[in-house]
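I have placed the structure first, in the form of structure tokens, so that the comments after it can refer back to it.
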Amino acid sequence: MPRKRSWYRLEAARLREVLEKLSLRDGLLLWEALGEDPGAFPLGNPEARRQAMHRIKRDRVSQGIAGNPVTKCHTPLRAGERKPLAKREKPRDKVSQENKRNKAGSRYPDPAGSLAQELGGWRAGLLYRARKEQNPLIQRLAHEHRESLLELLNLAEGLPLPRRIPTTLAWLGEFAKELERLGDAEVQKVLLEVRKRGVENPLSYAAKVLASRGAHTEERKIWTPTGEQF
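Letter by letter, the sequence shown follows residues 59 to 288 in the working numbering.
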């Protein structure tokens, strides 16, 4: 049954009573929620209404609400109509860029970087720099000769800090060759002995000791055409 016009006039009067009890900002929000034009708001002077509408717009923009909520109203849902669900994003794989680079071009999952995070301090700085300048070598040492590499870093502690990292980096290639020639156990033994002696240039001294190790045990095998050795 259609309502009479007098019903609307009565409701408008009751609405005005409610609006008069609210602040200008809250009154505008209620007026807008009822679908009315904010420009036709019956209370307050035009300048006060303009400032209140500006504050409402600024607050909603800061909250990330798109559009102009002061002059636009959302269309109400019809009876029995459901609000469409937001599209759910597919979760992305949590793979770091570092792991992607390692999968593409490295045999190992960055053991030098893992060791650097574990050690910290100047040792981490050395490993990060070696990874940048001599990545295949430092990755192989950290992967296959971890304990020997740690003993080398302990020995380098005896060097002055300004020379510690560049001197150790310069010796990494020779250190790897000695590991292949003598084995981890022998190299670790020499590095530990040199560290206990506390020499002034520990890496240079260790290089000389390692070079002399095994030299007297190596036999030169010269074979004659008849198979004799002399």
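Even glycine gets a Cβ: it sits at the ideal position worked out from N, Cα and C.
Compare the C-alpha of Leu-227 against each of Asp-117, Glu-176, Leu-185 and name the closest.
Stepping through the sequence shown from its first residue, residue 227 is reached at position 169. Residue Leu-185 is the option with its Cα nearest to Leu-227.
CB Pro-96 to CB Leu-86, shorter than 8 Å?
Looking up residue 96 in the sequence shown gives position 38. Looking up residue 86 in the sequence shown gives position 28. Taking 8 Å as the Cβ cut-off, Pro-96 and Leu-86 qualify as a contacting pair.
Are the CB atoms of Ala-200 and Ala-234 nearer to each other than 8 Å?
Counting from one through the sequence shown, the residue named residue 200 turns up at place 142. Counting from one through the sequence shown, the residue named residue 234 turns up at place 176. No; because the gap between Cβ atoms is not below 8 Å, this pair is not in contact.
Would you say Arg-253 and Gly-216 are within 8 Å of each other, going by their C-beta atoms?
Taking the first residue of the sequence shown as position 1, residue 253 is located at position 195. Taking the first residue of the sequence shown as position 1, residue 216 is located at position 158. Taking 8 Å as the Cβ cut-off, Arg-253 and Gly-216 qualify as a contacting pair.
Could you check the C-alpha separation between Glu-209 and Glu-244 for me, to the nearest Å?
By 1-based counting over the sequence shown, the position of residue 209 is 151. By 1-based counting over the sequence shown, the position of residue 244 is 186. Approximately 12 Å between the Cα atoms of the pair.
Expressed to the nearest angstrom, what Euclidean distance is found between the alpha-carbon atoms of Ala-264 and Leu-207?
On the sequence shown, residue 264 is found 206 positions in, with the first residue counted as 1. On the sequence shown, residue 207 is found 149 positions in, with the first residue counted as 1. The straight-line gap from Cα to Cα measures roughly 14 Å.
Which same chain residues end up closer than 8 Å to Trp-89 when comparing Cβ atoms and leaving out the 5 residues on each side of it in sequence?
Locating residue 89 in the sequence shown gives position 31, counting from the first residue. Closer than 8 Å at the Cβ level, and outside the excluded window around Trp-89, lie Leu-77, Pro-96, Phe-99.
Going straight from the alpha carbon of Gln-109 to that of Gly-93, what length do you get?
Taking the first residue of the sequence shown as position 1, residue 109 is located at position 51. Taking the first residue of the sequence shown as position 1, residue 93 is located at position 35. Rounded to the nearest angstrom, the two C-alpha atoms are 20 Å apart.
Please report how far the alpha carbon of Val-268 lies from the alpha carbon of Pro-167, in whole angstroms.
Taking the first residue of the sequence shown as 1, we reach residue 268 at position 210. Taking the first residue of the sequence shown as 1, we reach residue 167 at position 109. The question names Val, but residue 268 in the sequence shown is Leu. Rounded to whole angstroms, Leu-268 to Pro-167 spans 31 Å at the Cα level.
Apart from the five residues just before and just after Leu-213, which ones in its own chain have a Cβ nearer than 7 Å to its Cβ?
Taking the first residue of the sequence shown as position 1, residue 213 is located at position 155. Only Leu-249, Val-252, Arg-253, Pro-260, Leu-261, Ala-264 meet the Cβ criterion.
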